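Numbering (full-length UniProt numbering), first residue to last: 1 to 108.
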């Protein structure tokens, strides 16, 4: 069930499954932890300072607020030319992958 390919049961309904999930991401996480564990104290301190500076710069430039919400509000007010909130789902649509036919082709 974790290696992708065809589903073993009919509960999935023919939805797309990615191969080597979760094995490949787990391998990447392991390699990252292994490489970080090889750092000396100075390298670890530099990494913490770098990440702290990046987070601090982000909070300083964006004010720590939700920039995405501000953009959505601005776009929705321009889109509807009013101060009212747009109807639910007008800006956000759910996106899903197409279902597969039993022969492996995508259903259009």
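Where a beta carbon is used, it is the ideal one built from N, C-alpha and C, also for glycine.
All values derive from a computational prediction rather than experimental measurement.
{"Check": "Report the three-state DSSP secondary structure of residue 22 (helix, strand or coil).", "Outcome": "coil"}
{"Check": "Excluding the five sequence neighbours on either side, which residues of its own chain have a C-beta within less than 6 Å of the C-beta of residue 15, listed in chain order?", "Outcome": "none"}
{"Check": "Below 8 Å on the Cβ atoms is my contact criterion, and I expect residue 39 with residue 47 to pass it. Report the Cβ-Cβ distance as a whole number of Å.", "Outcome": "7 Å"}
{"Check": "Along the chain, where does the alpha helix (DSSP H) that runs through residue 57 open and close?", "Outcome": "41 to 62"}
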